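Undergrad: In this note's numbering, the protein residues as written are 2 to 457.
Written out as structure tokens, the structure is:
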């Protein structure tokens, strides 16, 4: 097996020079990264078209624009984030002051997925750089053109001892996981996340796992149905449903189910045309294996909308399945494709019980005008994050840390969340030497009684 210890040793040596901790060095690195991305927008969009048939609009808005804005936001706030911050000190520690010093972990490993192959490689890298780390990035082998462009772009900005890109398949990831990194950031599936965590545990390496799961989308009886239909159709079918926070299934109130699905069918036509398979800008499924897996779900329940496929182009049109139960195969794992199963409920309590009986989702979406319904759902269901009366949009805010809970992930990032993820918070007490409190010492006369009186 190939070893990556030479790269690791180079980065460890470079990290020990303390250069990456210098604030001006970090800001300069982020500015260089932003400038290089802007200069390579067209090659990146071309690569994303080749790998996933992403339109220039989708490639720019969901991959390039997001990271450009993230870098700008990070640069603007990094000075305040990186400063040691003073915190309160209890009266028992009179004479001292307390501080928290954010410091980088060291050499980090970032393993990126294929569904947003550029964005999900660069977004965590922004946090790693901002916090003062070195990084090794492993892009996805399932999107080889984008990975190749990325692997050429990074060495043009950074030396390998600072930021390195390692290409390859599963065996490459396995070899990287044999090394002792100081932090591992992984985005991908739950089964692979377990493998990552097991490997990290051997060295007690801290991890962030951005995973997935079955993210529900609840449409209550008082929702704005037409607007809900459009926003859900966009959130579900952007990137052909290959989005970790895409609505994985619809939970529709029985009273509005038929009307909503009429609006939903119109929304699909409005967004993707009468014949989505002929839409040259509809994203394709990443591989033959994933295409066949998705096609196996098409006979679940009753086919209401779509269902047509093009195996040669690996395209599946937006599809809706009704008469679905929790026992159907499509409800057992994350779909990660343009197929949307529909469940129905009579009371919001039924929906809450149904969701709570399954693993904690990465995202949840609720469409309702009722504040009491919103409060009930937010208070009673545990999930990573989500939206009220929208889908997916929370992902784009640098003010909202993004991550899962339970089987949908560990840790979060975006904005300051990225800086915090790649930083260890070192707690420091600075003690005065002008006087010395006698209470701590065992030779204080009648010490125990004096301490008890002091803390009353």
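Glycine is no exception: its CB is placed at the ideal position from the N, C-alpha and C atoms.
Every value quoted in this text rests on a predicted model; they were computed, and no experiment measured them.
When you compare the stretch 347-359 with the stretch 299-316, are there three or more beta-carbon pairs, one atom per stretch, that lie closer than 8 Å?
TA: Judged by Cβ distances under 8 Å, the stretch 347-359 makes no contact with the stretch 299-316, as fewer than three pairs qualify.
Undergrad: Just to confirm the assignment, what range does the alpha helix (DSSP H) spanning residue 291 have?
TA: 289-296 is the span of the alpha helix (DSSP H), which, as asked, contains residue 291.
Undergrad: Relative to the alpha-carbon of residue 255, which residue among 270, 373 and 348 has its alpha-carbon at the smallest distance?
TA: When each option's Cα is compared against that of residue 255, the closest is 348.
Undergrad: Cα-Cα, which of 433, 441 and 119 is closest to residue 34?
TA: The candidate whose alpha carbon is nearest that of residue 34 is 119.
Undergrad: Please report the Cβ distance between residue 287 and residue 430, rounded to the nearest whole angstrom; I am assuming they are in contact, meaning their Cβ atoms lie under 8 Å.
TA: No, residue 287 and residue 430 are not in contact; Cβ-Cβ is about 51 Å, not under 8 Å.
Undergrad: Counting only the same chain and skipping the five closest in sequence on each side, list residues whose C-beta sits under 8 Å from that of residue 41.
TA: These residues qualify, in order along the chain: 150 and 154.
Undergrad: Using a 10 Å radius around the Cβ and a threshold of 16 neighbouring Cβ atoms, would you call residue 156 buried or exposed?
TA: When all chains shown are included, residue 156 counts as exposed.
Undergrad: Nearest by alpha-carbon distance to residue 190: which of 450, 212 and 179 is it?
TA: Closest option to residue 190, Cα to Cα, is 212.
Undergrad: Which value, in whole angstroms, describes the spacing of the CA atoms of residue 94 and residue 48?
TA: Roughly 59 Å between the two C-alpha positions.
Undergrad: Within 10 angstroms of its Cβ, does residue 446 collect 16 or more other Cβ (buried), or is it exposed?
TA: Per the 10 Å Cβ criterion, exposed.
Undergrad: Contact between the stretch 357-371 and the stretch 214-222 is defined here as three or more beta-carbon pairs at a separation below 8 Å; is this criterion met?
TA: Cβ pair count under 8 Å is three or more, so yes.
Undergrad: Going by CA-CA distance only, name the one from 22, 434 and 243 that's closest to residue 54.
TA: Among 22, 434 and 243, the Cα nearest to that of residue 54 belongs to 243.
Undergrad: Give me, in chain order, the residues of the same chain whose beta-carbon lies closer than 8 Å to that of residue 24; leave out the 5 immediate sequence neighbours on both sides.
TA: Excluding sequence neighbours, residue 24 sits near 79, 80 and 83.
Undergrad: Using the Cα positions of residue 269 and residue 226, report the straight-line distance between them to the nearest angstrom.
TA: Cα-Cα distance, rounded: 14 Å.
Undergrad: Tell me, please, whether the stretch 395-406 touches the stretch 414-426 by the rule of three or more beta-carbon pairs shorter than 8 Å.
TA: Yes, the stretch 395-406 touches the stretch 414-426.
Undergrad: Helix, strand or coil: how does DSSP classify residue 346 here?
TA: In the structure shown, residue 346 sits in a strand (DSSP, three-state: E or B).
Undergrad: Straight-line CA distance for residue 424 to residue 299?
TA: Distance between the alpha carbons of residue 424 and residue 299 is about 45 Å.
Undergrad: Name the one or two DSSP bridge partners that residue 203 has.
TA: None; residue 203 has no bridge partner.
Undergrad: To test your reading of the DSSP string, which unbroken beta strand (DSSP E) runs of 3 or more residues are found completely within the stretch 109-172?
TA: Whole beta strand (DSSP E) segments, 3+ residues: 135-139 and 164-166.
Undergrad: Once you ignore the five residues that flank residue 309 on each side, which residues in its own chain have a CB closer than 7 Å to its CB?
TA: Closer than 7 Å at Cβ, skipping near neighbours: 278 and 318.
Undergrad: Within 10 angstroms of the Cβ of residue 116, are there 16 or more other Cβ atoms? Answer buried if so, exposed if not.
TA: Label assigned to residue 116: buried.
Undergrad: Do the CB positions of residue 175 and residue 152 come within less than 8 Å of each other?
TA: It is not a contact, given that the beta carbons lie outside the stated cut-off.
Undergrad: Taking Cβ positions, are residue 316 and residue 285 nearer each other than 8 Å?
TA: Yes. Within cutoff.
Undergrad: Three or more C-beta pairs under 8 Å: does that hold for the stretch 436-454 against the stretch 107-114?
TA: Touching, no, given that fewer than three Cβ pairs across the two stretches are closer than 8 Å.
Undergrad: Residues bridged to residue 209 by DSSP?
TA: Paired residues: 186.
Undergrad: Using the C-alpha atoms, what's the distance from residue 403 back to residue 324?
TA: Near 33 Å, if we compare the C-alpha coordinates of residue 403 and residue 324.
Undergrad: Based on Cα-Cα distance, which residue from 177, 122 and 75 lies nearest to residue 63?
TA: Out of 177, 122 and 75, 122 has the C-alpha closest to the C-alpha of residue 63.
Undergrad: Rounding to the nearest angstrom, what Cα-Cα distance links residue 140 and residue 5 in this structure?
TA: Residue 140 and residue 5: Cα-Cα distance of roughly 15 Å.
Undergrad: Closest to residue 260 by C-alpha separation, out of 272, 411, 228 and 75, would be which residue?
TA: Comparing Cα-Cα distances from residue 260 to each of 272, 411, 228 and 75, the minimum goes to 228.
Undergrad: Buried or exposed for residue 202, please, with buried defined as at least 16 other CB atoms from any protein chain shown within 10 angstroms of its CB.
TA: Looking at its Cβ environment, which holds fewer than 16 other Cβ atoms inside 10 Å, residue 202 is exposed.
Undergrad: Please look up how many angstroms separate the CB atoms of residue 428 and residue 101, rounded, as I've assumed it's under 8 Å.
TA: The Cβ separation is near 6 Å, so the contact holds.
Undergrad: Taking the alpha carbon of residue 248 as the reference point, which residue from 136, 18 and 394 has its own alpha carbon closest?
TA: Per the Cα distances, 394.
Undergrad: Here's the rule: buried if 16 or more other CB atoms are within 10 angstroms of the residue's CB, otherwise exposed. What is residue 138?
TA: Buried.
Undergrad: From 70, 185 and 147, pick the residue whose C-alpha is nearest to that of residue 105; which is it?
TA: With distances taken between Cα atoms, residue 105 lies closest to 185.
Undergrad: In chain order, what residues of the same chain have a beta carbon less than 8 Å from the beta carbon of residue 9, not counting five sequence neighbours either side?
TA: Excluding residues within five positions, the ones whose Cβ falls inside 8 Å are 108, 137, 180, 181 and 182.
Undergrad: Which residues share a DSSP beta bridge with residue 86?
TA: In the DSSP output, where bridge partners are listed per residue, residue 86 has 101.
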